[in-house]
Every structure is written in structure tokens, then in C-alpha cells.
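Student:
In this note's numbering, the protein residues as written are 17 to 401.
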């Protein structure tokens, strides 16, 4: 019996989908092309993002490593998202998943990826260098909140499902998405698929005169919004959240937001509750470039106190993080570190969601980390894999 690791192609689509659907349906019914149409299509490029172990020619394990380009202002970070991790039920324990994970992580290094994301059980993926960290906010907005804030006044906005053939409004959604200073790059061809990933649905928000003023993506019941953007003219973002919540039959809506999302400040004084949580399992490969980009994003969210702190990350070296007025930078250095941590601790130290002082003991010379961190490491649901 021979085994080999192979990169899949378009003509493997049917076999691969049958295999993955079979494995995942053991716990709940799963149809990957329907669940994640932006990732699974009978296309050589897209199927080439998947690696498989073949045993005497038959697929026995699959791991997908999907490219994600994260635009942070003028800086672009190259990521890989791991998904579709599956092993045949009768081959579990054979080490095939480990072989594929090791293979994909090695390729990320070779390809110069900055970092990687995946969902899944924490300790299972810690063996491959991942750690649970990042920070995202979930606001719960209820009709009761709106009644006390707005009385009997109702919003004049309305919503329509975004039809897959409606190219005009889809172009408007693309424009709103791409205008955000921090976002993942999406191709025009895959944009509609991404809005419909995870069985979610896109809706356009319309003013009384019929103008599109924004869009949102919600789950099938409408009580969970994973993406929401609006035009800047008139700033209707909060009004869209208000209108959606008030017009639904349910009592409340959860809005899942990045730390930099403008709705964070608008919902803060209105929503019934807010929770902050991990955004997934992450692995940073290029610490200097990643920290440099995210420290800059953090400074744009709110002013930072001045300082320069050197942190040693085991297996990588010493990084100096510096804030001077509105300028920030991170660089590798030979300076003596004020703090030394291993890689898992570094992920939690810099990216939270807990404050740095809840992760390590901070000396006085590292106190600025308490104000700088957690840095905004976030991946929205519609860009997840």
C-alpha cells in the first residue's frame, strides 16, 4: 500500500467533496460547495489550495490552505487560512492529518506568508504552532434598547436581499467593502460567493428614495450580522443597525465587529451588552512586519503613549516596538530585551484578548504594552475558511 501527498486539481473536485462531506457529516450534515462557495469550485486554482494524502490512489485525508490578502492601509499582509481538515474515519491515528498540516505550514514558510489563521480545537493545533488569540467584539442590540433610545419613531430605511444577478448593487457593495481602510482583498468574481459563505445572506439597505446607502450580511434567521458597511454621506451606519433590528421579528440582533469598525463607538452607549473574545487560532511567521502593521492600525484607532520596548520571542529574536507621537514602528534589534517570552505567549501578549498584565508580569519599562495591546488581530466571518 503506497501513500503520497498530492495537490488537488479541478478533476478531483467531485471525489474530494464527496470525501470531505462524508467525514464532516458524521457529526452534522455538511455540503462544502454550498457552505463555502468562495473556496470550493471545480477550478484548478481553487482546488489547488487543497492537499490530500492518497492511499493507493484513494483520498484518505485533506487539508486546505487558502490564500488571504489582508490590506491594512498601505500595507498588505499575506495570510493562509487552514480549513477543511479531514481524515477518513478508518484512518484516524495513521498520522495523515499531521503530515498534511506539517506540509502546509512548511509551504507557508517557503512562500513567505506573514501569518496564518484557522478555527478548531485549541490544543489540537497548538502542536503545529498555532495559538488562540486576537480580539473581536459582539454587540447585542435589542428592540427594548431602541424603544428607550428612539421612542415611537421608526426608521425610514428598508432592506432587500441582494440578488446574485444584481450586478449594479453588487458593484456598490464591492465599492463600500474596498473603501474600508482595513479589509481582506476579494476578487469581483468571488465577492458574491463570499457574502453567501457560511449559509449567510447579503441585504442592501435602501433610503426612502431608493438609493442604496449600505449593506449587511446576516445569518438565515437574521439575528446575527457578520458584516455591515455604509456610505459616508450622512453616516447612516447606526441607522442601518437600528432599522435591521427593529424590523426583524426577533427581539435582538448580534453585531460581530472588528476593533476598528466605526459601529463600535456608536453601539457602545446603546447596545444591551458587549463581549470581547478570541478571533481564532493564529500563527505569526513574520513577527516584525506583522507587529509593525498592527501597531500602526492600533494607533489609528486611538492615541498611544510614547515608548520603546524590546521583546524577545523564542526562536525568532528581539523585536523593538516604538511609539513616538503619531509615528509607530517595529524592528528587529540586537538590543537587550526587557521581556522574553515563547511564541505562544507572544501571541497572547500582543493580540489578547486579555490585557498584557493578565499574560505576564510587566516590569515598569514594559508598562506601555498595557496601553498598546491587544493589537487588533481580526478576521471577519465572511473571509474565514
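Note that beta-carbon positions come from the ideal geometry of N, C-alpha and C, so glycine has one too. The model shown is predicted, which means the values in this text are computed figures rather than measured ones.
If distances are taken between C-alpha atoms only, which option among 309, 142, 107 comes closest to residue 118?
Tutor: The residue labelled residue 118 in the question sits at position 102 within the chain shown. Ranking 309, 142, 107 by Cα distance to residue 118 puts 142 first.
Student: Please name the residue or residues paired with residue 351 in a DSSP beta bridge.
Tutor: On the chain shown, residue 351 is found 335 positions in, with the first residue counted as 1. The partner list for residue 351 (beta bridge, DSSP) is empty, contrary to what the question assumes.
Student: In the structure shown, what three-state DSSP assignment does residue 272 receive?
Tutor: The residue labelled residue 272 in the question sits at position 256 within the chain shown. The answer is strand: DSSP assigns residue 272 an E or B state.
Student: I think residue 253 touches residue 278, with their Cβ atoms under 8 Å apart; what is that distance to the nearest whole Å?
Tutor: Walking along the chain shown from the start, residue 253 turns up at place 237. Walking along the chain shown from the start, residue 278 turns up at place 262. Between residue 278 and residue 253 the Cβ distance is about 6 Å, and since that is below 8 Å, they are a contact.
Student: Take residue 356 as the anchor and find which of 332, 370, 371 has the nearest alpha-carbon.
Tutor: Numbered from its first residue, the chain shown carries residue 356 at position 340. When only C-alpha atoms are compared, the closest one is 332.
Student: Would you kindly report the start and end of the unbroken alpha helix (DSSP H) that includes residue 364?
Tutor: Locating residue 364 in the chain shown gives position 348, where the first residue counts as 1. Here the alpha helix (DSSP H) through residue 364 covers 359-367.
Student: Rounded to the nearest angstrom, what separates residue 321 and residue 391 at their Cα positions?
Tutor: Translated into the one-based positions of the chain shown, residue 321 becomes position 305. Translated into the one-based positions of the chain shown, residue 391 becomes position 375. Taking the straight line from one Cα to the other gives about 14 Å.
Student: In whole angstroms, give me the CA-to-CA distance for residue 112 and residue 34.
Tutor: Residue 112 sits at position 96 when you count from the first residue of the chain shown. Residue 34 sits at position 18 when you count from the first residue of the chain shown. So the alpha carbons of these two residues sit roughly 18 Å apart.
Student: Our contact map puts residue 167 next to residue 294 with C-beta atoms below 8 Å; I'd like the distance itself, whole angstroms only.
Tutor: The sequence position of residue 167 within the chain shown is 151, counting from 1. The sequence position of residue 294 within the chain shown is 278, counting from 1. Actually they are not in contact, since the Cβ atoms of residue 167 and residue 294 sit about 38 Å apart, beyond 8 Å.
Student: Going by C-alpha distance, which of 235, 227, 205 is nearest residue 217?
Tutor: Within the chain shown, numbered from 1, the residue matching residue 217 stands at position 201. Taking only the C-alpha atoms, the option nearest residue 217 is 235.
Student: Give the range of the alpha helix (DSSP H) segment to which residue 162 is assigned.
Tutor: One-based indexing of the chain shown puts residue 162 at position 146. First-last of the alpha helix (DSSP H) with residue 162: 159-166.
Student: Measure the alpha-carbon distance for residue 154 versus residue 287 and round it to whole angstroms.
Tutor: The residue given as residue 154 occupies position 138 in the chain shown. The residue given as residue 287 occupies position 271 in the chain shown. Residue 154 and residue 287: Cα-Cα distance of roughly 10 Å.
Student: Grouping DSSP H, G and I as helix and E and B as strand, with all else coil, what is residue 148?
Tutor: Within the chain shown, residue 148 is the residue found at index 132, counting from 1. Residue 148: strand per DSSP, three-state reduction.
Student: Scan the segment 266-312 and note each continuous alpha helix (DSSP H) run of 4 residues or more that stays entirely inside, going in chain order.
Tutor: As far as the segment 266-312 is concerned, its whole alpha helix (DSSP H) runs of at least 4 residues are 279-283.
Student: Give me the Cβ distance between residue 178 and residue 211, rounded to the nearest whole Å; I'm assuming they're in contact under 8 Å.
Tutor: By 1-based counting over the chain shown, the position of residue 178 is 162. By 1-based counting over the chain shown, the position of residue 211 is 195. Their Cβ separation, rounded to whole angstroms, is 7 Å, which keeps residue 178 and residue 211 in contact under 8 Å.
Student: I'd like the list of long-range same chain contacts for residue 345, defined as Cβ closer than 7 Å, with 5 residues on each side in sequence excluded.
Tutor: The residue you call residue 345 lines up with position 329 of the chain shown. Excluding sequence neighbours, residue 345 sits near 308, 338.
Student: Am I right that residue 269 and residue 134 are in contact with their C-beta atoms under 8 Å? What's the rounded C-beta distance?
Tutor: As a position in the chain shown, residue 269 is number 253, starting the count at 1. As a position in the chain shown, residue 134 is number 118, starting the count at 1. At roughly 28 Å, the Cβ-Cβ gap does not stay under 8 Å, so residue 269 and residue 134 are not in contact.
Student: Answer yes or no: do residue 384 and residue 325 have a C-beta to C-beta separation smaller than 8 Å?
Tutor: Numbered from 1 along the chain shown, position 368 holds the residue referred to as residue 384. Numbered from 1 along the chain shown, position 309 holds the residue referred to as residue 325. Against a cut-off of 8 Å, the Cβ pair of residue 325 and residue 384 comes out as a contact.
Student: Cα separation between residue 406 and residue 247?
Tutor: The displayed coordinates of the chain run from 17 to 401. Any statement about residue 406 would go beyond what the structure contains.
Student: Buried or exposed for residue 200, going by 16 or more other Cβ atoms inside 10 Å?
Tutor: In the chain shown, the residue the question calls residue 200 occupies position 184. Flag for residue 200 reads buried.
Student: Kindly list the residues whose CB is nearer than 7 Å to the CB of residue 120, restricted to its own chain and excluding five residues on each side of it in sequence; keep chain order.
Tutor: As a position in the chain shown, residue 120 is number 104, starting the count at 1. Correct list, in chain order: 67, 79, 81, 98.
Student: Using 8 Å as the threshold, is the C-beta distance between residue 335 and residue 298 below it?
Tutor: As a position in the chain shown, residue 335 is number 319, starting the count at 1. As a position in the chain shown, residue 298 is number 282, starting the count at 1. No; because the gap between Cβ atoms is not below 8 Å, this pair is not in contact.
Student: Between the segment 56-70 and the segment 368-378, can you find at least three pairs of beta-carbon atoms closer than 8 Å?
Tutor: Short answer: they don't touch.
Student: Which full runs of the alpha helix (DSSP H) of 4+ residues lie inside the segment 90-155, going along the chain?
Tutor: Counting only runs of 4 or more, we get 112-127, 138-142.
Student: Along the alpha helix (DSSP H) that carries residue 260, what are the first and last residues, could you check?
Tutor: Mapped onto the chain shown, residue 260 falls at position 244. Where residue 260 is concerned, the enclosing alpha helix (DSSP H) stretches over 253-263.
Student: Buried or exposed: which applies to residue 381, given that a residue is buried once 16 or more other Cβ atoms fall within 10 Å of its Cβ?
Tutor: If you number the chain shown from 1, residue 381 lands on position 365. So residue 381 counts as exposed.
Student: Mind checking residue 306: buried by the 16 CB within 10 Å criterion, or exposed?
Tutor: Locating residue 306 in the chain shown gives position 290, counting from the first residue. It counts as buried.
Student: Roughly how many angstroms lie between the CA atoms of residue 61 and residue 205, to the nearest whole one?
Tutor: As a working note, residue 61 is residue 45 in the chain shown. As a working note, residue 205 is residue 189 in the chain shown. The alpha-carbon atoms of residue 61 and residue 205 are separated by roughly 13 Å.
Student: Check for me: the beta strand (DSSP E) holding residue 21 runs from which residue to which?
Tutor: Taking the first residue of the chain shown as position 1, residue 21 is located at position 5. Its beta strand (DSSP E) spans residues 19-23.
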